[in-house]
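Once you know that position 211 of the sequence shown is 620 in this note's numbering, the rest is easy, because the numbers rise by one and skip nothing. Below is one structure, written out as structure tokens; the observations come after it.
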Amino acid sequence: MHTDLPSTTLENTEEKQSENFDLAPYLVILSGLDQGKQFRLHRQFNFFGRSGDIDITISDAKISRKHGAFIIYPDCIILEDYQSTNGCYVNDIRVERQVIESTSRIRVGSTTMKIEHKKATEVESENALYQAANTDSLTNISNRRAFLLQGNEKVSICKLNNEYLAILMCDVDFFKKVNDNFGHPAGDQVLKDLAIILQEQMRKDDMLARYGGEEFIMLFHAMEINAVSKLAERIRQKVEQFEFSFEGTLIPTTLSIGICCSNGDNIDSLNSMIKQADDALYQAKNNGRNRVEIY
Numbered sequence: 410m411h412t413d414l415p416s417t418t419l420e421n422t423e424e425k426q427s428e429n430f431d432l433a434p435y436l437v438i439l440s441g442l443d444q445g446k447q448f449r450l451h452r453q454f455n456f457f458g459r460s461g462d463i464d465i466t467i468s469d470a471k472i473s474r475k476h477g478a479f480i481i482y483p484d485c486i487i488l489e490d491y492q493s494t495n496g497c498y499v500n501d502i503r504v505e506r507q508v509i510e511s512t513s514r515i516r517v518g519s520t521t522m523k524i525e526h527k528k529a530t531e532v533e534s535e536n537a538l539y540q541a542a543n544t545d546s547l548t549n550i551s552n553r554r555a556f557l558l559q560g561n562e563k564v565s566i567c568k569l570n571n572e573y574l575a576i577l578m579c580d581v582d583f584f585k586k587v588n589d590n591f592g593h594p595a596g597d598q599v600l601k602d603l604a605i606i607l608q609e610q611m612r613k614d615d616m617l618a619r620y621g622g623e624e625f626i627m628l629f630h631a632m633e634i635n636a637v638s639k640l641a642e643r644i645r646q647k648v649e650q651f652e653f654s655f656e657g658t659l660i661p662t663t664l665s666i667g668i669c670c671s672n673g674d675n676i677d678s679l680n681s682m683i684k685q686a687d688d689a690l691y692q693a694k695n696n697g698r699n700r701v702e703i704y
């Protein structure tokens, strides 16, 4: 077993990989909320953790923000723990620093991983399958299934760190009339444009998904109610002012939004927050539509 770090550079590593039939090391998530995701280890030091601003972000409340790193050398890959709270395990043994073999199974928090050397074409094909399972085919944003999986982990993180979590339920007003008056292709275009408008308001750690039909759901992490309500009102105004159109015909479109916001131990569950945001959305519809209501 290797224990000492070889003296080398990333350039040496890349040259060796190029000679090895264009194979490159990938971190493959075997279980956990990110099951199926793959991350190329393209640096010499590839940091992983829960934070959204490092090389590899893993959705797992039991993982530290900067949990550890995979260090790439020509003759080996080393896993190094960065004093994480819950540690790194290789084949069920807790390690501080360990060479990773092709048969090694790595566990951090509730996530199990392995490292494989693959061709880029293989990864592209596998990623396409992953995207198909987690992406709404019309709008190219997350689907309901992916949102619920990731959202439950966000709830765990906010409860653990006593942080705010907000859910916004958004529904296109009188969408049936859009389909009836302008046709279903026009309705589809409205949903595509709306997804782009909503996506522009998201930060890296936030979540957006098509929840079903003309409904969209948004999750904002570490944002208090005043900031969330201002953001929701800004979104409502952007949608109202946007010139939705199809084949040269303008399609006036407005959005109703319901908000639920809570923090820490006051958060019950993702499902209960979605229900409360949906109740607020129902109130917005009853109060005249094209408005924001808070649960």
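Yeah, the Cβ is synthetic: ideal placement off N, Cα and C, and Gly gets one too. On a predicted model such as this, the values are computed, not experimentally measured, just so you know.
- Burial state of R612 is exposed, judged by a 10 Å Cβ sphere holding fewer than 16 other Cβ atoms.
- In the three-state reduction of the DSSP assignment, S511 falls in the coil class.
- Nearest to I480 by C-alpha distance, out of I465, S440 and K471, is I465.
- Assignment of F556 by DSSP, reduced to helix, strand and coil, places it in the helix class.
- Here V508 is near C485, since their CB atoms are less than 9 Å apart.
- Out of R645, Q540, G622 and Y620, the CA that lies nearest to the CA of Q610 is found in R645.
- Collapsing the DSSP output to three states places P594 in a helix.
- Excluding its 5 nearest sequence neighbours in each direction, Q559 has C-beta neighbours in its own chain below 7 Å: L442, S468 and M616, listed in chain order.
- The alpha-carbon of G496 is positioned some 7 Å away from that of R503.
- Contact check for L628 against F556 passes: the beta carbons are separated by less than 9 Å.
- Three or more Cβ pairs closer than 8 Å define a contact, and the region 664 to 676 meets that threshold against the region 577 to 584.
- For D589, the three-state secondary structure derived from DSSP is helix.
- For a cut-off of 8 Å, the C-beta gap from I703 to I634 is around 7 Å, short enough to register as a contact.
- Here the region 673 to 692 does not lie against the region 648 to 662, with fewer than 3 beta-carbon pairs under 8 Å apart.
- Separation of C670 and E505 (C-alpha to C-alpha, rounded to the nearest whole angstrom) is 39 Å.
- When secondary structure is reduced to three states using DSSP, L436 falls in the strand class.
- Inclusion of S493 and I463 in the CB contact set at 9 Å is not warranted, their separation being larger than that value.
- Counting every other CB atom within 10 Å of its CB across the protein chains shown gives D501 a total below 16, marking it as exposed.
- In this structure, F651 sits away from A595, with a CB-CB distance that is not shorter than 9 Å.
- Take N571, set aside five residues on each side of it, and the residues of its chain with a beta-carbon closer than 7 Å to its own are N672 and G673, in chain order.
- Ranked by Cα distance from T548, the options Q608, E525, E535 and K586 are led by Q608.
- The alpha carbon of S513 has as its nearest neighbour, out of D589, I550 and L488, the alpha carbon of L488.
- Judged by DSSP secondary structure, N549 falls outside any alpha helix (DSSP H); it is assigned neither H nor E.
- Between V499 and Y435, the gap from beta carbon to beta carbon reaches 9 Å or more.
- When the beta-carbon positions are compared, T544 and S551 come within less than 9 Å of each other.
- Taking each of F454, S460 and L600 in turn and checking the Cα distance to A478, the smallest one comes out for F454.
- In the DSSP annotation of this structure, the continuous segment of the alpha helix (DSSP H) that includes T530 starts and ends at A529 to N543.
- Collapsing the DSSP output to three states places N455 in a strand.
- Just so you know, the alpha carbons of I676 and L574 end up roughly 8 Å apart.
- In the DSSP assignment, S665 falls within the beta strand (DSSP E) that extends over L664 to N672.
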